[in-house]
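Enquirer: Take this structure first; my questions come after.
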Amino acid sequence: MNEQSLMRYSRQILLTNFDIEGQMNLSGKHAVVIGAGGLGNIAATYLVGAGVGVLSIIDDDEIELSNLPRQVLYTEHDIGKAKVQAAAAQLQARNSDVTINVHQLRLTADNIDQYLADCDVILDCCDNFSTRQIVHRWAQRHQVPLVSGAAIRWEGQLVVFRYDEQTAPCYECLYPDLSDQQLSCNTNGIIGPVVGTIGVQQALSAIKLLSGTGTVKHGVLQLFDGLSGDWRSMRLSQDPECPCCGLQNS
Numbered sequence: 159m160n161e162q163s164l165m166r167y168s169r170q171i172l173l174t175n176f177d178i179e180g181q182m183n184l185s186g187k188h189a190v191v192i193g194a195g196g197l198g199n200i201a202a203t204y205l206v207g208a209g210v211g212v213l214s215i216i217d218d219d220e221i222e223l224s225n226l227p228r229q230v231l232y233t234e235h236d237i238g239k240a241k242v243q244a245a246a247a248q249l250q251a252r253n254s255d256v257t258i259n260v261h262q263l264r265l266t267a268d269n270i271d272q273y274l275a276d277c278d279v280i281l282d283c284c285d286n287f288s289t290r291q292i293v294h295r296w297a298q299r300h301q302v303p304l305v306s307g308a309a310i311r312w313e314g315q316l317v318v319f320r321y322d323e324q325t326a327p328c329y330e331c332l333y334p335d336l337s338d339q340q341l342s343c344n345t346n347g348i349i350g351p352v353v354g355t356i357g358v359q360q361a362l363s364a365i366k367l368l369s370g371t372g373t374v375k376h377g378v379l380q381l382f383d384g385l386s387g388d389w390r391s392m393r394l395s396q397d398p399e400c401p402c403c404g405l406q407n408s
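Each residue of the sequence shown is one higher than the one before, starting from 159 at the first, in my numbering.
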């Protein structure tokens, strides 16, 4: 680590439970952010700011006017541009030391191996259940930590899945029958700061996982109510009938 890096990351290196070892761990890791919307904007910003080694951003969408209240990496001048390209430009200007890869596409069962093969953590920031299912099944199969966030209306949720334990619950234990319509901000609405709150928590969980610092609650669903400002938590358990990880599949 050179003198410039020591200066850049000096405030987090000062932390007793982080220090230079945590920074070195973080700078050698690869995080993938799936979805360059509100959650992905915030999570990617803090990962890049903290000095993750490689950040990959995957999204097939373009910027619209209605995105701007909550997708803070974009401006009016970016409308019509690919989200991943506009996000990468802002993030690279923030920290030129981070290697940023962008992929303007939607993940499928056929291409997911190509884009997630060497990652150390996945941040699920996408807005459709079909992609979430493909991603979580890949993470479960390859035992890669998955930091899943979602926000709709005034509510947000966060859950970290650690798939290195045989009896750990998976995403489909929590949501066996979720539809894309239930996840749609277009029809349900969303308030920007709720998205930001969950995106920050996703980044914090990922930074702790990658740096080997602190405790990450895994298999615990954390729910945020933006109207009341309250958090509540529920510990998940593996569903023995789960089509992905249930006992009949072990």
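The beta carbon of each residue, even a glycine, is placed where N, CA and C say it ideally should be.
Identify, in the order they occur along the chain, each residue of the same chain with its Cβ nearer than 8 angstroms to the Cβ of H294, setting aside the five sequence neighbours on each side.
Expert: D282, L304, S306, F319, C328, Y329, E330 and C402, listed in sequence order.
Enquirer: Is DSSP giving E234 helix, strand or coil here?
Expert: Helix.
Enquirer: Please name the residue, chosen from T266, Q243 and I280, that lies closest to Q298 on a Cα-to-Cα basis.
Expert: Among T266, Q243 and I280, the Cα nearest to that of Q298 is on I280.
Enquirer: Please classify W312: does DSSP put it in a helix, a strand, or coil?
Expert: W312: coil per DSSP, three-state reduction.
Enquirer: Please name the residue in K187, T174, I221 and Y333 whose C-alpha comes closest to that of G205.
Expert: Correcting the residue type first, residue 205 is Leu in the shown sequence and not Gly. The shortest C-alpha separation from L205 is found at K187.
Enquirer: Note down, in chain order, each residue of its chain lying with its Cβ closer than 6 angstroms to the Cβ of G357, except the 5 sequence neighbours on either side.
Expert: Cβ within range, chain order: L197, I200 and A201.
Enquirer: Considering only the alpha carbon of each residue, which of Q248, Q262, Q359 and Q229 lies closest to A240?
Expert: Checked all of Q248, Q262, Q359 and Q229; the closest Cα to A240 is Q262.
Enquirer: Count Cβ pairs between the segment 362-373 and the segment 172-181 that sit closer than 8 angstroms; are there 3 or more?
Expert: Judged by Cβ distances under 8 angstroms, the segment 362-373 makes contact with the segment 172-181, as three or more pairs qualify.
Enquirer: Using the rule of at least 16 other Cβ atoms within 10 Å of the residue's Cβ for burial, across every protein chain shown, is S214 buried or exposed?
Expert: S214 comes out buried.
Enquirer: As a quick exercise: from Y321, I192, N286 and G384, pick the residue whose alpha carbon is nearest that of H300.
Expert: Considering only alpha carbons, the answer is Y321.
Enquirer: Looking only at C-alpha atoms, which of G377, G387, W389 and K366 sits nearest to S395?
Expert: It is G377 whose Cα lies nearest to the Cα of S395.
Enquirer: Does DSSP put L362 in a helix, in a strand, or in coil?
Expert: Three-state DSSP puts L362 in a helix.
Enquirer: Would you report the Cα separation of S254 and T355, rounded to the nearest angstrom?
Expert: About 26 angstroms.
Enquirer: Does the beta-carbon of T325 have 16 or more other beta-carbons within 10 angstroms, so that it is buried, or is it exposed?
Expert: By the neighbour-count rule (16 or more Cβ atoms within 10 Å), T325 is not buried but exposed.
Enquirer: Write down the C-beta distance between L250 and I258 rounded to the nearest angstrom, noting that I regard them as a contact closer than 8 angstroms.
Expert: Leu is not the amino acid found at residue 250; the sequence shown has Gln there. Yes, they are in contact, since the Cβ atoms of Q250 and I258 sit about 6 angstroms apart, within 8 angstroms.
Enquirer: Tell me the rounded alpha-carbon separation between L362 and L184.
Expert: Roughly 12 angstroms between the two C-alpha positions.
Enquirer: Helix or strand or just coil, what does DSSP make of V352?
Expert: Note: V352 maps to helix in three-state DSSP.
Enquirer: Just to confirm the assignment: which complete alpha helix (DSSP H) runs, minimum length 4, are found wholly within the segment 248-300?
Expert: Taking only runs of at least 4 residues, the alpha helix (DSSP H) segments lying wholly in the segment 248-300 are 270-274 and 287-300.
Enquirer: What does a CB cutoff of less than 6 angstroms around R166 pick up in its chain, not counting 5 residues either side in sequence?
Expert: If we look at R166 and ignore the five residues flanking it on each side, it has no Cβ neighbours.
Enquirer: On the DSSP bridge list, what partners appear for L213?
Expert: DSSP, once it has assigned bridges, lists A189 and I258 as partnering L213.
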